[in-house]
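Each remark here refers to the structure printed beneath this line.
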Amino acid sequence: MAEVNRVDDRTLPIDEQLDPSFFESVDYFVEKGISVITPKLIDELKSNCLNDAQKQSYVKGILATIKSVNKVRFLIGT
Numbered sequence: 075m076a077e078v079n080r081v082d083d084r085t086l087p088i089d090e091q092l093d094p095s096f097f098e099s100v101d102y103f104v105e106k107g108i109s110v111i112t113p114k115l116i117d118e119l120k121s122n123c124l125n126d127a128q129k130q131s132y133v134k135g136i137l138a139t140i141k142s143v144n145k146v147r148f149l150i151g152t
């Protein structure tokens, strides 16, 4: 019966799941944060040579680079 609940739990949004996947949670909250901070970063970007579309592309490119995780480090406490 617990397995059935777990399968049903995975169909819920990440913020409503009882035991979500770590990587899915990180991806969800990073995307949520990016959507909140992007407009502010575009507004604060001071550049005379970039129009609004170029500023948006520039900010999204930087955030996409930051978002991609290449390695996960596992530390064992002593």
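Everything in the sequence shown is counted per our numbering, starting at 75 for the first residue and increasing by one. All residues carry an ideal CB built from backbone N, CA and C; glycine is no exception. It should be emphasised that the depicted structure is a prediction, and the values quoted were computed from it without experimental measurement.
The beta carbons of aspartate 83 and leucine 92 sit closer together than 9 Å. In this model, serine 142 and leucine 115 are separated by some 19 Å (Cα to Cα). Annotation for aspartate 117: the continuous alpha helix (DSSP H) segment containing it runs 96-118. In this structure, Ile140 is the residue among Tyr132, Ile140 and Ile150 with its C-alpha nearest to the C-alpha of glutamate 105.
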